[in-house]
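K.L.:
Under this note's numbering, the first residue of the sequence shown carries the number 1, and numbering increases by one thereafter.
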Amino acid sequence: MSQFDVTVLGLGVTGFATAEFCIKQGWSVAVTDDRSSPPLLERLRNQYPHIPIVTGSYDHDLLANSKRVVVSPGIAPNAPVISWCQAQNKELISDIDLFLEHYDGKLLAVTGSNGKSTTVKMLHDLINHTGKQSFMVGNIGKPVLAHLADEQKPCDWLILEVSSFQLHWTRNMRADIGVLLNIYPNHLDWHENYRAYQDAKCKLLSCSKKVIMPQALESLAELHGFSNRVSAWIPSYSCLNQSALEIDSRIIDALPYALHKSAIATSVIASVLDIDQYTCIRTLEEFQPWPFRCQHESSRYGEWYNDAKSSNLAAARYAIESVSRKHGHKVIWIAGGVTKNEDFSQVARWASKFVSQAVVYGQDKQHFIDAMKGACSVSPVDTLHDAIRLAHKMMKKKDIVVYSPAAASFDQFENYQHRGQYFSEQLAAVLPE
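(1) Going by Cα to Cα distance, which pick from Q198, E246, G15 is closest to P235?
(2) Identify which residue in Y194, H129, H191, S208 has its Cα closest to the Cα of L160.
(3) Do you know whose CA, among D33, N114, Y194, lies nearest F16's CA?
(4) What do you reckon, are the CB atoms on K142 and L167 nearer than 7 Å?
(5) Please state the DSSP three-state secondary structure of L11.
(6) In the DSSP assignment, find the alpha helix (DSSP H) that holds Q277 and state where it starts and stops.
(7) So what does DSSP say about D274, is it helix, strand or coil?
(8) Check for me: the beta strand (DSSP E) holding E91 runs from which residue to which?
(9) DSSP three-state call for P80: helix, strand or coil?
(10) Rounded to a whole number of angstroms, what is the C-alpha to C-alpha distance between H60 and Q417?
(11) Within the chosen definition, does the stretch 176-183 reach the stretch 108-118 through at least 3 CB pairs nearer than 8 Å?
(12) Based on Cα-Cα distance, which residue from Q421, S424, D5 lies nearest to L98?
(13) On the premise that D95 lies in contact with T7, defined as a C-beta separation below 8 Å, what is that separation, rounded to the nearest angstrom?
(14) Whole angstroms are fine: how far does the CA of Y403 sit from the CA of M361?
(15) Within the continuous beta strand (DSSP E) that includes I332, where are the two ends?
(16) Under 8 Å Cβ to Cβ from V430, same chain only, skipping five residues before and after it: list those, please.
(17) Tell me which same chain residues have a C-beta within less than 8 Å of the C-beta of L41, skipping the five on either side of it?
(18) Do you know whose CA, among I212, N312, Y257, A196, lies nearest K326's CA?
(19) So does the stretch 289-298 actually touch the stretch 359-376, counting three or more Cβ pairs closer than 8 Å?
(20) Beta-carbon within less than 7 Å of T119's beta-carbon, same chain only, minus the 5 sequence neighbours each way: which residues are those?
(21) Would the beta-carbon of A30 fall within 7 Å of that of L62?
(22) Assign G420 to one of three DSSP states: helix, strand, or coil.
(23) Would you give the residue range spanned by the beta strand (DSSP E) that D61 belongs to?
(24) Classify A407: buried if its beta carbon has 16 or more other beta carbons within 10 angstroms, exposed otherwise.
(25) What residue range does the alpha helix (DSSP H) around Y361 cover?
(26) From the DSSP output, in three-state form, read off N306 for me.
(27) How big is the Cα-Cα spacing for L158 and Q133?
(28) Note down the Cα distance separating L123 from S72, rounded to an integer number of angstroms.
(29) DSSP puts F135 in a beta bridge; with which residues?
(30) If I measure Cβ to Cβ from A232 and keep anything under 6 Å in the same chain, skipping five residues before and after, which residues do I get?
(31) Which runs of the beta strand (DSSP E) at least 3 residues long sit entirely within the stretch 342-400? Give them in chain order.
(32) Using 7 Å as the threshold, is the C-beta distance between P493 and A335 below it?
(33) Can you tell me which residues form a DSSP beta bridge with G178?
(34) With C-beta atoms as the reference, is F21 less than 7 Å away from A149?
(35) Where V162 and G138 are concerned, what is the direct C-alpha to C-alpha distance, given to the nearest angstrom?
(36) DSSP three-state call for H129: helix, strand or coil?
Shown next, in the form of structure tokens:
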């Protein structure tokens, strides 16, 4: 007989929320993490001193004596601990599986390679502007089980941002509306290949009552067998005027270029939710983006943009192109961090159009150096601190700097929020008053 109802594999934000939820259910819980000092270790020990916690390596005894294992989303499917659990026929599930066992309200789930958080916030604002209540959960920052543990008052819609990692580990996904915003090769350092990444994203759509996705990905819907559940197609920006979208394209055009794709998706979703176009227009006109999404930082001695959220090439390209088009000339690009096994072969092609100079830093800076040969001048440095100062020295009056890392942050920072805040602080120290 198993000693534990649940063992939580990984003690990050999701792992902590999972452990806390299970404890509040009265279940027997254990936690294990291969890191010696995961960030929430002391908090968990202080709040719940009675539960077994083993760090430094994954504890096979805890796992062997558990009915179910909840896998934190950062743990890759090829990790040795996963192979061990599978060999022991352990039931591997996600926090979303547990959540869906205890939640029976309306669920609108959003996935995609880029633009998820912005679109989720737009949808949250949109629904709340109708007088109804919505909450944002998931990959956006608040784990789904933390929402349940908080005993929030009932809401009309729960809006879930869900990543490919979460979808991979979720066995029983379901949603009233599933939205795919876009899909590009991403996280190929985690997924076995691009097909596996696509399959993870499409798991959401295959398990949704209604599907909303880009018209350009219709073949994906046919391949995975959910074409009959597509309630609406998201048009591309270039086809906006030829689409069935009710909202005037001039409303979209009036927004910052970096918000166009999320605004189009939100407008389509509004029509599926039967929300009138006037409420949608109000939402778009009043929208305030999250920090570090192509955020304008300063106009002192040129223009500076902080796009620290960018963790892949597609996101960086979109930010750089949007800023370059807005100002009418090329930008100085700061990039770097830990890349995700992406294909860099096309970087030179678009960088030559939108980038005048690049400053690269961090663990995988050589990938950027090799990729941009012949497209623009590339200057390598060690840290983001150095990159900001070098970019400042390069600048001439009216030049533009875009910090869009196109890589993960964990070589030098805890997360994208940490590097975004660091960029803001360092920039303030560098720029003259």
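Built from N, CA and C at the ideal position, the CB exists for glycine as well.
P.N.:
So, from the data block:
(1) E246
(2) S208
(3) D33
(4) no
(5) coil
(6) 277-286
(7) coil
(8) 91-93
(9) helix
(10) 34 Å
(11) yes
(12) D5
(13) Rounded, the Cβ-Cβ distance is 13 Å, inconsistent with contact.
(14) Reading off the sequence shown, one finds Tyr at residue 361, where the question assumed Met. Going by the C-alpha atoms only, they are around 11 Å apart.
(15) 331-336
(16) I388, R389, H392
(17) L11, D33, I53, T55
(18) Y257
(19) no
(20) V110, L181, S262, A265, T266
(21) yes
(22) helix
(23) Run containing D61: none in the beta strand (DSSP E); it sits in the alpha helix (DSSP H), 60-64.
(24) buried
(25) Y361 -> not in any alpha helix (DSSP H); beta strand (DSSP E) instead, spanning 355-361.
(26) strand
(27) 9 Å
(28) 26 Å
(29) L158
(30) I212, V268, V272
(31) 355-361, 377-380
(32) Nothing can be reported for residue 493, as the shown portion of the chain is limited to 1 through 433.
(33) A109, V211
(34) yes
(35) 6 Å
(36) helix
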